[in-house]
Amino acid sequence: MEKENGRLQTPYYFIREKELQYDVDLLKNALEDNWGNYICSYSVKTNSLPWLLTYLRKQGFYAEVVSEAEYDIAVRLGYSNKEIVYNSPYKHRKAWEKVLLEEGYVNLDSSYELDWMKEMSEHYPQREFRVGLRVNCLLDQLLPGAQTTGGKRGRFGYCYENGVLKEAIEKLRRLPNVKVAGLHMHTSTQTRAVEIYGALAGMAVQIAREYALELDYVDMGGGYFGGTDDMPSYPDYFKAIGKELKKFFDPQKTKLIVEPGVSLISRASSFITGVIDVKTVPEGKFVVTDGSRVNLNPMTARHSYPHHMEYKNEQTGEMVTDAQKAARELLPSQWICGSTCMEHDKLFEVVEGPVLKPGDRIVYDRAGGYTICLTPLFIHYFPAVWVEKKDGSLFQAREAWTNDEYLQKNHWE
Ligand SMILES: *Cc1c(COP(=O)(O)O)cnc(C)c1O
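Under the numbering used here, the sequence shown is numbered contiguously, ending at residue 443.
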């Protein structure tokens, strides 16, 4: 075991199964209450940890994949082709055919896929193919000021407003054995606001009506808030979605597909780092830790992170969250710094906070949802992932990467 004085060696990500189960149940109950006929399809790109994919498969989830590698890992971990939802503007022909032929869900996104459908239709005249179309629409007109996509058009799917979606539908209708059976509404939004999902569901109704579509499913995608009680959660979203969809669709006939990612796992995950050293400069302190910004948000610079501290009591060696118990005086400024050798690897400033010392821990709460996998192999490799099981025992879902993994498939002379 990677343990040091009875504690797990930092840095590591931590997933609490109990809290993960809480959000899985919240999701299923919300879908049960508001639609009944549904598929939960987990967004593999958000976090493709094999333990997590297996856990969710056992709970009846499908896998929402957006690349050949994701398709392959889902299949290797036991998802059948029927249990795959395949999205993406860049699809791999073999995986695409496999999912299509074995009656999984394929949401078309690109021009070339319409040609592929024509080929499939001719090649398999005996078969019937049912496919979905990803919708590209501007919500800002429906919801002025709702800051959906910041007024910018998304880059995915077939555009509704200029008739490209209509053309795609007509093209598919000319193929005798192909049916437009689904609409894929996933849209990245800045605010994750509930009203946006109501508007998206309304858009699915409008499109189905306008083009007389009889749909097997409406796929509302992901992008929900989750994991905190002070934000909207699944019951709010699916109430709004169900209300709109019921204006046209019958839950008996049309399934609701959802593709949650980070909303499902953020409550359960955290990132645990340790204090390595403290440097004194005239302006204050630099607290060097063994985790980095790159493990938390490699894509943006931010200087506020939900977190809490664990102080090491110097007498007893015990970790306490209450600084007073560890008898720490206050310091005007301590900058929490990361483990990389980049100057900007500074996470946040502790102002007038208890002095931090080597051996203390900084725990980033609701962290790791995306970054368990999005963290780069930069200077340090993937940190370990530990799972706290429902019975309180620990399970190592991923060992920290070392050069054993890094050197694989490299060649040098
Ligand atoms: C990223 C993505 C999701 C999941 O998004 P979250 O914000 O993690 O919920 C779902 N569907 C598609 C098509 C995606 O690209």
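Every residue, glycine too, gets a C-beta built ideally from N, C-alpha and C. Predicted model, so just to flag it, every value in this text is computed and none were measured.
For E149, the distance from the CB to the nearest heavy atom of ligand 1 is not below 8 Å. Around R396, the same chain offers G257, S296, P336 as residues with beta carbons nearer than 6 Å, after the five sequence neighbours per side are excluded. The closest heavy atom of ligand 1 lies less than 8 Å from the beta carbon of T76.
A Cβ-Cβ distance of about 6 Å is found for the pair V74 and A104, placing them in contact under the 8 Å criterion. The residue from Y394, T40, A60, I226 with its alpha-carbon nearest to that of K269 is A60.
In this structure, the C-beta of S140 stays at least 8 Å away from each heavy atom of ligand 1. Shown here, L205 sits in coil according to DSSP, grouped into three states, outside any helix or strand. Within the DSSP secondary-structure output, R46 pairs in a beta bridge with E418.
Comparing alpha carbon positions, the residue from E340, L361, L377, G304 closest to S334 is L377. Unbroken alpha helix (DSSP H) stretches of 4 residues or longer found wholly inside the segment 196-240: 224-240, given in chain order. Nearest to S97 by alpha-carbon distance, out of G90, L82, V115, L195, is V115. The criterion of a C-beta distance shorter than 9 Å is satisfied by M250 and E289.
Ligand 1 never approaches V54 closely enough for any of its heavy atoms to be under 8 Å from the residue's Cβ. Scanning the segment 232-304 from its first residue to its last, the whole alpha helix (DSSP H) runs of 4-plus residues come out as 264-275, 292-295. With a threshold of 16 other beta carbon atoms within 10 Å, T310 falls short and is exposed.
Taken atom to atom, the span from the alpha-carbon of D53 to that of G90 is near 14 Å. Taking a contact as a CB-CB distance under 8 Å, the pair R164 and W146 does not count as one, their CB atoms being some 15 Å apart. Annotated as distal: I199 and W65, with beta-carbon spacing of 9 Å or more. Looking at the backbone, the Cα of G399 and that of A298 are separated by about 9 Å. Contact between V248 and V208 does not hold, since the beta-carbon distance rounds to 19 Å and is not under 8 Å.
Inter-segment contact for the segment 339-351 and the segment 382-394 is present: three or more beta-carbon pairs are separated by less than 8 Å.
With a threshold of 16 other beta carbon atoms within 10 Å, S141 falls short and is exposed.
Under DSSP, the beta-bridge partners assigned to Q426 are W416.
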